[in-house]
Amino acid sequence: MPAPRPLSRLTEWREDRIGDRDLTRWPTAAGAALVRVARWLVALVLRLLPPGPRSRVADAELPWLVLGVTAVAGGALAVLATAASAALYEGVEDGEGITGLDEPVLDEVVGWRTPWLDDVVTAYTDLGSVRLMVPLVLLAAGLLWWWWRRPTPAILLAIAAAGSLLMTVVGKHLVGRVRPPDTLAVPPYETSPSFPSGHTLNSWVLWILIGYLVAVRTTSRRRAIVVPAVAVVLAVAMGLSRVYLGHHWLTDVLIGWTLGTAWLVVIVTGHRLALTVRRWPARSAAEAEE
14 MPAPRPLSRL
24 TEWREDRIGD
34 RDLTRWPTAA
44 GAALVRVARW
54 LVALVLRLLP
64 PGPRSRVADA
74 ELPWLVLGVT
84 AVAGGALAVL
94 ATAASAALYE
104 GVEDGEGITG
114 LDEPVLDEVV
124 GWRTPWLDDV
134 VTAYTDLGSV
144 RLMVPLVLLA
154 AGLLWWWWRR
164 PTPAILLAIA
174 AAGSLLMTVV
184 GKHLVGRVRP
194 PDTLAVPPYE
204 TSPSFPSGHT
214 LNSWVLWILI
224 GYLVAVRTTS
234 RRRAIVVPAV
244 AVVLAVAMGL
254 SRVYLGHHWL
264 TDVLIGWTLG
274 TAWLVVIVTG
284 HRLALTVRRW
294 PARSAAEAEE
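Each residue of the sequence shown is one higher than the last, beginning at 14 in this note's numbering.
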């Protein structure tokens with residue numbers, strides 16, 4: 014087995030730790046298996062290349078390959094999970110399970126409404142709209158790129174946004190669930206399919222990923238805890254705002270959180286695998302699998 018390259022050669026800018034946690038360490042059996050698959054993939058790609066290009070492959074290019082394959086494979090699974098969530102809609106009509114809470118919860122929050130609170134929540138939920146979410150995420154990506162001195166944050170955010178948008182579109186198309194009636198909603202009213210909640214799914218993925226990227230780069234333990242925690246609180250509040258305003262059923266929000274969490278796991282795993290692969294010289298990784 015080849016010896017790992019010194020950490021100092023890998024990360025002039027800090028990227029592989031959150032506090033004392035080394036993101037390139039995989040203590041579980043499942044994690045070790047993922048690393049073996051990643052190294053097998055590196056070796057396979059190198060073997061498929063002609064001798065000339067193979068000799069010119071830079072070690073720095075291989076982590077991006079691993080990240081890309083992880084995102085594509087994980088994205089396919091996430092879309093399948095979104096399609097599978099259509100089965101939950103069948104329970105909506107029967108009023109079974111957690112879906113039986115949709116109408117009682119909405120009826121309850123209608124009683125909480127006041128004109129000033131409606132205005133505050135409406136202003137907040139607008140942050141999750143495409144009109145405002147896109148520039149906010151682009152601004153965050155630009156600032157993180159500048160802070161990291163590398164494009165990794167922007168690339169991860171682009172992958173995250175593409176996947177969450179695809180899951181939202183697929184879910185709405187397959188399920189086609191009708192939103193709560195306008196009589197129970199706060200204007201402006203929305204007419205697109207209700208399931209899953211796009212505001213919830215997209216804000217959950219993108220805001221928590223931003224929190225993760227800050228935690229990875231910072232050397233402050235407090236910041237590494239506070240920023241992701243604030244991101245989670247803001248993302249939860251976004252989902253709850255959709256129910257409060259009557260723009261979504263509770264189930265739409267819960268599935269948005271569930272699918273978003275699954276997609277975040279894929280992205281973070283891909284990033285960690287890329288960091289892990291980057292510790293091994295490309296040619297040595299190929300030889301280790303022969």
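Every residue gets a Cβ at the ideal spot worked out from N, C-alpha and C, and that includes glycine. Note that this is a predicted model, so its numbers are computed, not measured.
Q | Expected contact under 8 Å - CB spacing of L272 and A94 to nearest Å | A | 6 Å
**Q.** Per-residue DSSP class, three states only, for R285
**A.** helix
Q | Cβ pair L214, L169 closer than 8 Å | A | no
Q | Neighbourhood of V9 by C-beta distance below 6 Å, restricted to the same chain and skipping five residues each side | A | With the chain running from 14 to 303 in the structure shown, residue 9 is simply not present.
(Q) Could you tell me the alpha carbon to alpha carbon distance between V218 and A174, rounded to whole angstroms? (A) 8 Å
(Q) Does the structure place the segment 206–213 close enough to the segment 118–133 that three or more beta carbon pairs sit under 8 Å? (A) no
Q | Within the segment 144–179, ranges of the alpha helix (DSSP H) (whole runs, at least 4 residues) | A | none
Q | Where the alpha helix (DSSP H) containing E28 begins and where it ends | A | From DSSP, E28 is part of no alpha helix (DSSP H); its letter is neither H nor E.
Q. Straight-line CA distance for A242 to W276?
A. 18 Å
(Q) Report the CB separation of P76 from L258 in whole angstroms; it is logged as a contact under 8 Å. (A) Contact flag wrong, Cβ pair sits at about 42 Å.
Q: Confirm, please, whether the CB-CB distance from P206 to G12 is below 8 Å.
A: What is shown of the chain runs 14 to 303, which leaves residue 12 out entirely.
Q: Enumerate in chain order the residues of its own chain whose CB-to-CB distance from A244 is below 7 Å, with the five nearest sequence positions on each side excluded.
A: W220, I221, I223, G224
(Q) Considering only DSSP beta bridges, list what D35 is partnered with. (A) R30
Q. In terms of alpha-carbon separation, which member of T37, W161, G176, E203 lies closest to T138?
A. E203
Q) When the Cα of L80 is compared with those of A97, T231, R52, which residue comes out closest? A) R52
Q. Skipping 5 residues on each side, what residues in its chain have a beta carbon closer than 6 Å to that of T181?
A. G211, L214
Q. V183 and A96 look like a contact to me (Cβ under 8 Å); what is the Cβ gap, rounded to whole Å?
A. 6 Å
**Q.** Beta-carbon spacing of W129, P193 below 8 Å
**A.** no
Q: Note down, in chain order, each residue of its chain lying with its Cβ closer than 8 Å to the Cβ of T37, except the 5 sequence neighbours on either side.
A: D29, R285, L288, T289, R292
Q) Given a threshold of 16 other Cβ atoms within 10 Å of its Cβ, counted over all protein chains shown, does A248 qualify as buried or as exposed? A) buried
Q. Is R313 buried or exposed, if buried means 16 or more other CB atoms sit within 10 Å of its CB?
A. Only positions 14 to 303 of the chain appear in the structure, and residue 313 is not among them; the question remains open.
Q | Whole-angstrom distance between G176 and T282, CA atom to CA atom | A | 15 Å
**Q.** Range of the contiguous alpha helix (DSSP H) that encloses D115
**A.** 115–123
Q) Hey, how far is the Cα of L187 from the Cα of P63? A) 44 Å
Q: Please state whether DSSP places R190 in a helix, a strand or coil.
A: coil
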